[in-house]
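2 protein chains.
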Amino acid sequence: MKLLIIGAAGMIGRRLAETILKTGTLDGHRVDALAAFDVAPADLASTAQVAVTNLSGDISDRATVDSLVAHRPDVIFHLAAIVSGEAEADFDKGYAINMDGTRHLFEAIRAQGPDYHPRVVYTSSIAVFGAPFEEKITDTFLTAPMTSYGAQKMIGELLLNDYSRKGFFDGVGIRLPTIVVRPGKPNKAASGFFSGIIREPLAGLEAELPVEDDVRHWFASPDAAIGFLLHAATMDTAQLGTRRCLNMPGLSLTIAEVLDALREVAGDEALARVKRVPDETIREIVAGWPRDFAPDLALAAGFTADPDFPSIIRAHIRDSGHASG
Amino acid sequence: MKLLIIGAAGMIGRRLAETILKTGTLDGHRVDALAAFDVAPADLASTAQVAVTNLSGDISDRATVDSLVAHRPDVIFHLAAIVSGEAEADFDKGYAINMDGTRHLFEAIRAQGPDYHPRVVYTSSIAVFGAPFEEKITDTFLTAPMTSYGAQKMIGELLLNDYSRKGFFDGVGIRLPTIVVRPGKPNKAASGFFSGIIREPLAGLEAELPVEDDVRHWFASPDAAIGFLLHAATMDTAQLGTRRCLNMPGLSLTIAEVLDALREVAGDEALARVKRVPDETIREIVAGWPRDFAPDLALAAGFTADPDFPSIIRAHIRDSGHASG
Chain H
1314 MKLLIIGAAG
1324 MIGRRLAETI
1334 LKTGTLDGHR
1344 VDALAAFDVA
1354 PADLASTAQV
1364 AVTNLSGDIS
1374 DRATVDSLVA
1384 HRPDVIFHLA
1394 AIVSGEAEAD
1404 FDKGYAINMD
1414 GTRHLFEAIR
1424 AQGPDYHPRV
1434 VYTSSIAVFG
1444 APFEEKITDT
1454 FLTAPMTSYG
1464 AQKMIGELLL
1474 NDYSRKGFFD
1484 GVGIRLPTIV
1494 VRPGKPNKAA
1504 SGFFSGIIRE
1514 PLAGLEAELP
1524 VEDDVRHWFA
1534 SPDAAIGFLL
1544 HAATMDTAQL
1554 GTRRCLNMPG
1564 LSLTIAEVLD
1574 ALREVAGDEA
1584 LARVKRVPDE
1594 TIREIVAGWP
1604 RDFAPDLALA
1614 AGFTADPDFP
1624 SIIRAHIRDS
1634 GHASG
Chain E
1314 MKLLIIGAAG
1324 MIGRRLAETI
1334 LKTGTLDGHR
1344 VDALAAFDVA
1354 PADLASTAQV
1364 AVTNLSGDIS
1374 DRATVDSLVA
1384 HRPDVIFHLA
1394 AIVSGEAEAD
1404 FDKGYAINMD
1414 GTRHLFEAIR
1424 AQGPDYHPRV
1434 VYTSSIAVFG
1444 APFEEKITDT
1454 FLTAPMTSYG
1464 AQKMIGELLL
1474 NDYSRKGFFD
1484 GVGIRLPTIV
1494 VRPGKPNKAA
1504 SGFFSGIIRE
1514 PLAGLEAELP
1524 VEDDVRHWFA
1534 SPDAAIGFLL
1544 HAATMDTAQL
1554 GTRRCLNMPG
1564 LSLTIAEVLD
1574 ALREVAGDEA
1584 LARVKRVPDE
1594 TIREIVAGWP
1604 RDFAPDLALA
1614 AGFTADPDFP
1624 SIIRAHIRDS
1634 GHASG
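Line by line, the protein sequences give chains H and E.
Numbering of the first sequence is given in the numbering used here, commencing with residue 1314 and proceeding in unit increments.
Numbering of the second sequence is given in the numbering used here, commencing with residue 1314 and proceeding in unit increments.
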């Protein structure tokens, strides 16, 4: 089995690759080759079983994408994206990567002809939704993005559904909750502070909280995200019909509840490192984001959420311990 | 005031142009110039007041679209599209015109710079929805197209919302019901028979009915469509917020009810000219189309529907009488 991960140097992409390399299998099938693509090489090492090829380039260039698909991977994970904050700041770059790059991938697959029909796993986002919301967003609620990133992700979903319906490939789109706790440095996503207010205090550093304590949001851990991706790569898609993009299960908490969980796991000292520094730009972006979901279709299709928020924090402590040890 | 109609040679585009030329005004403003663009020239005549320019070309060519926008029309009506049946049969052509052409238009406007901010009226379609449906589709129901045409129209909506939100222009999208009675010859739209079963019997000809009598669908007249377009061109868009694409009001009838209206207006003789010729391809496409709506936002925004179906048939008789006399 041959796999391609587009966006393999990102936090989720790298973790996905490492998870697959650890077992050398996907859904019981032996993985022989993994192509790891990103704007800069992911520098992943081959294992005894899996030959890793590290590739880099720009998916807004069609020829680059054609070359990625030319070796006909059985499963393609498309995780590459310009994140929300940057797509809002650089309109052209957001559309070039998030919309054109995705379309190039789908066209490159189609250009291989009718005897090639890979599984394509596409990471979408809850940013496809925009306020005002249902109390809990259901599977038939309007997608009305309020950012360019959300619009671009939704266009990718429409293309994925249409190309799958036409039989060009077998697509599954997963709308990820906000992933916490992201390790490492902040990226340009407007959602970055949701990780920062956990990660920085645990590392003994101060973190800025730009929104009010009563802001409610929808979360999943990196482990849960990898679980979603692996399940999307191997599930039976017949059950999805023509609606192949699903709201992933997650946890809905207010900032106050997130901070309670931080105190439960790491004590008052950690909590005291969270500084309230209101930021009107971030506050406005976040106000347009969903708060809670009833992800019935995804649950019925076998996707599973984290058990609770303290376990998300403990998993981060475990992972960052590994990283520093 | 300068206007541009893209798709001016089509049934709705031509009727819109003729309506504007008749009064020489739009919302009380004097119209000085009307550019009428289509794949073939619309051949509209200037009036004493309005200078008409007939233009032709291909909107999938960016330079062509740039030249249309260069004279900075105050209002742009974008009605051009590859219809559903043709977009399903020719995947590349559908995306080139319906998706790329629309994006070219929006980019051409943006390229004019921040001192240009036209009203853009975009005709979308109820084909952005796909089964299974709510009993009556509300304004917050999921758009899940089941045709390439529907996907392309929905991508145009997402772009229109995002470009409007970013302040590049002031867009309004109107999701038209199926327009009946279309005059003239059938086009390649899978919905063509809805007009055919009225138009042909009234002209003394036989018409084929490819679906069952209990099929329910959502209709508006050409007059109602022109009303929607003129209202969308002149309404206050502040009330729409970031959701600028609306389900237009219409009438929901089964085929049996449509045929009852035909008999009411034109008698048993007309009804007898409707021949049941089941077509599995059309039946499947139509099964994925919406049947009924609760278009609350559009009604609140001042859009108005036809009073009843017999009045739609009588309007067609009046119009076709004008045409032949």
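Even glycine gets a Cβ: it sits at the ideal position worked out from N, Cα and C.
In this text the structure is predicted, and so the values were computed from the model without any measurement.
* To do: Return the first residue and the last residue of the beta strand (DSSP E) that residue 1430 of chain H is part of.
  => Translated into the one-based positions of the first sequence, residue 1430 of chain H becomes position 117. Going by DSSP, residue 1430 of chain H is part of no beta strand (DSSP E) at all; its letter is neither H nor E.
* Asked: Among H/1585, H/1529, H/1467 and H/1492, which one has its Cα closest to the Cα of residue 1520 of chain H?
  -> By one-based count along the first sequence, residue 1520 of chain H stands at place 207. Closest in C-alpha terms to residue 1520 of chain H, from the list H/1585, H/1529, H/1467 and H/1492, comes H/1585.
* To do: Note down, one range per segment and in chain order, each alpha helix (DSSP H) of at least 4 residues found wholly within the region 1396 to 1459 of chain H.
  => If one requires a minimum length of 4 residues, the alpha helix (DSSP H) runs lying completely within the region 1396 to 1459 of chain H are 1397 to 1402, 1404 to 1407 and 1415 to 1424, in chain order.
* Asked: Which residues does DSSP pair with residue 1484 of chain H in a beta bridge?
  -> Taking the first sequence and counting its residues from 1, the one referred to as residue 1484 of chain H is at position 171. Per DSSP, H/1433.
* To do: Give the residues from the region 1465 to 1476 of chain E that approach chain H closer than 8 Å (Cβ to any Cβ), ordered along the chain.
  => Contact residues of the region 1465 to 1476 of chain E toward chain H are 1467, 1468, 1471, 1472, 1474 and 1475 (C-beta to C-beta distance below 8 Å).
* In this structure, does DSSP put residue 1506 of chain H in helix, strand or coil? -> For the purposes of this step, residue 1506 of chain H is taken as the residue at position 193 of the first sequence. Helix, per DSSP.
* Asked: If we cut at 8 Å on Cβ distances, does residue 1386 of chain H have a partner in chain E?
  -> Translated into positions along the first sequence, residue 1386 of chain H becomes position 73. Nearest CB-CB separation between residue 1386 of chain H and chain E: not below the 8 Å threshold.
* CB-CB length for residue 1453 of chain H against residue 1506 of chain E, believed under 8 Å -> On the first sequence, position 140 is the one that residue 1453 of chain H refers to. On the second sequence, position 193 is the one that residue 1506 of chain E refers to. The C-beta distance from residue 1453 of chain H to residue 1506 of chain E rounds to 29 Å, too long to meet the 8 Å contact threshold.
* residue 1479 of chain E versus chain H: which residues are under 8 Å apart at the beta carbon? -> The sequence position of residue 1479 of chain E within the second sequence is 166, counting from 1. Against chain H, a Cβ distance below 8 Å from residue 1479 of chain E picks out 1404 and 1461.
* To do: Would you please verify whether the beta carbon of residue 1647 of chain E is less than 8 Å from any beta carbon of chain H?
  => Since the first and last residues shown for chain E are 1314 and 1638, residue 1647 of chain E lies out of range.
* Does residue 1443 of chain E get closer than 8 Å to chain H when you measure Cβ to Cβ? -> One-based indexing of the second sequence puts residue 1443 of chain E at position 130. So yes, residue 1443 of chain E belongs to the interface.
* To do: Use the C-beta contact count for residue 1259 of chain H: other C-beta atoms within 10 angstroms, 16 or more gives buried, fewer gives exposed.
  => Summary: the structure shown does not reach residue 1259 of chain H, with chain H confined to residues 1314 through 1638, and so no result is reported for it.
* Minimum Cβ-Cβ distance from residue 1436 of chain H to chain E less than 8 Å -> Locating residue 1436 of chain H in the first sequence gives position 123, counting from the first residue. Under the 8 Å criterion on CB atoms, residue 1436 of chain H is classed as non-interfacial with respect to chain E.
* Asked: So which residues of chain H does residue 1454 of chain E contact, with C-beta pairs closer than 9 Å?
  -> Taking the second sequence and counting its residues from 1, one reaches residue 1454 of chain E at position 141. Under the 9 Å cutoff, chain H gives 1453, 1454 and 1455.
* Are any of the Cβ atoms in chain H nearer than 8 Å to that of residue 1375 of chain E? -> Within the second sequence, the letter at position 62 stands for residue 1375 of chain E. No, residue 1375 of chain E lies away from the interface with chain H (no Cβ there is under 8 Å from its Cβ).
* **Secondary structure of residue 1335 of chain H, DSSP reduced to three states** => Numbered from its first residue, the first sequence carries residue 1335 of chain H at position 22. Helix.
* To do: Measuring only between beta-carbons, confirm whether residue 1415 of chain H sits less than 8 Å from chain E.
  => Stepping through the first sequence from its first residue, residue 1415 of chain H is reached at position 102. Chain E has no Cβ within less than 8 Å of the Cβ of residue 1415 of chain H.
* Output the residue ranges of the beta strand (DSSP E) runs that lie fully inside the region 1547 to 1616 of chain E and measure 3 residues or longer, sorted by chain position. => You should have 1558 to 1560, 1564 to 1567 and 1587 to 1589.
* Option nearest residue 1503 of chain E by Cα separation, candidates E/1383, E/1360 and E/1602 -> Here residue 1503 of chain E corresponds to residue number 190 of the second sequence, with the count starting at 1. The shortest CA-to-CA distance from residue 1503 of chain E to any of E/1383, E/1360 and E/1602 is the one to E/1602.
* Proximity of residue 1460 of chain H and residue 1397 of chain H at Cβ, strictly below 8 Å -> Position 147 of the first sequence holds residue 1460 of chain H. Position 84 of the first sequence holds residue 1397 of chain H. Inclusion of residue 1460 of chain H and residue 1397 of chain H in the CB contact set at 8 Å is warranted, their separation being smaller than that value.
* Counting only the same chain and skipping the five closest in sequence on each side, list residues whose C-beta sits under 7 Å from that of residue 1466 of chain H. => Taking the first sequence and counting its residues from 1, one reaches residue 1466 of chain H at position 153. So the qualifying residues of the chain are 1411, 1437, 1438, 1440 and 1441.
* To do: Could you tell me which of E/1596, E/1363, E/1354 and E/1372 sits nearest to residue 1315 of chain E, measuring between CA atoms?
  => The count along the second sequence starts at 1 and reaches residue 1315 of chain E at position 2. Ranking E/1596, E/1363, E/1354 and E/1372 by Cα distance to residue 1315 of chain E puts E/1363 first.
* residue 1458 of chain E CB to nearest chain H CB: under 8 Å? -> By 1-based counting over the second sequence, the position of residue 1458 of chain E is 145. Yes, contact with chain H.
* Asked: Any heavy atom of the ligand GDP within a distance shorter than 7 Å of the CB on residue 1593 of chain E?
  -> Of the ligands one can find in the structure shown there are none, so the ligand GDP has no counterpart to examine.
* Near residue 1608 of chain E, which residues of its chain fall below 6 Å by C-beta distance, leaving aside the five closest residues on each side in sequence? -> Here residue 1608 of chain E is taken as the residue at index 295 of the second sequence, counted from 1. Excluding sequence neighbours, residue 1608 of chain E sits near 1560 and 1562.
* **Element boundaries [beta strand (DSSP E), containing residue 1315 of chain H]** => Counting from one through the first sequence, the residue named residue 1315 of chain H turns up at place 2. Annotation for residue 1315 of chain H: the continuous beta strand (DSSP E) segment containing it runs 1315 to 1319.
* To do: Figure out for me which residue from H/1358, H/1336, H/1518 and H/1348 has the closest Cα to the Cα of residue 1370 of chain H.
  => In the first sequence, the residue the question calls residue 1370 of chain H occupies position 57. Here the closest residue by C-alpha is H/1348.
* Asked: Could you give the residue range of the alpha helix (DSSP H) that holds residue 1468 of chain H?
  -> Taking the first sequence and counting its residues from 1, one reaches residue 1468 of chain H at position 155. Residue 1468 of chain H -> alpha helix (DSSP H) spans 1461 to 1478.
* Within chain E, partners of residue 1555 of chain H - CB distance below 9 Å -> By one-based count along the first sequence, residue 1555 of chain H stands at place 242. The contacting residues are 1443, 1444, 1457, 1458, 1459 and 1601.
* To do: Count the other CB atoms, across all protein chains shown, that sit within 10 Å of the CB of residue 1338 of chain E; report buried if there are 16 or more and exposed otherwise.
  => Working through the second sequence from its first residue, we reach residue 1338 of chain E at position 25. With fewer than 16 Cβ atoms within 10 Å of its Cβ, residue 1338 of chain E is classed as exposed.
* Asked: What residue does the beta strand (DSSP E) around residue 1384 of chain E start on, and which one ends it?
  -> To locate residue 1384 of chain E, count along the second sequence from 1; it is residue 71. For residue 1384 of chain E, no beta strand (DSSP E) run applies, since DSSP gives it neither H nor E.
* Asked: Taking buried to mean at least 16 other C-beta atoms within 10 Å of its own C-beta, is residue 1359 of chain H buried or exposed?
  -> Counted from its first residue, the first sequence places residue 1359 of chain H at position 46. By the neighbour-count rule (16 or more Cβ atoms within 10 Å), residue 1359 of chain H is not buried but exposed.
* To do: With residue 1369 of chain E as the anchor, note down where its beta strand (DSSP E) starts and where it stops.
  => For this step, residue 1369 of chain E is matched to residue 56 along the second sequence. First-last of the beta strand (DSSP E) with residue 1369 of chain E: 1364 to 1369.
* Asked: For residue 1343 of chain H, which residues of its own chain have a beta-carbon under 8 Å away from its beta-carbon, when the five flanking residues on both sides are left out?
  -> Residue mapping note: residue 1343 of chain H aligns to position 30 of the first sequence, counting from 1. The residues are 1314, 1337 and 1362.
* **Segment contact, 8 Å Cβ cut-off, at least three pairs: the region 1621 to 1631 of chain H with the region 1321 to 1331 of chain E** => Between the region 1621 to 1631 of chain H and the region 1321 to 1331 of chain E there are fewer than three C-beta pairs closer than 8 Å, too few to call the two in contact.
* Asked: How many angstroms separate the CA atom of residue 1598 of chain E from the CA atom of residue 1634 of chain H?
  -> The count along the second sequence starts at 1 and reaches residue 1598 of chain E at position 285. The count along the first sequence starts at 1 and reaches residue 1634 of chain H at position 321. Answer to the nearest angstrom: the Cα atoms are 56 Å apart.
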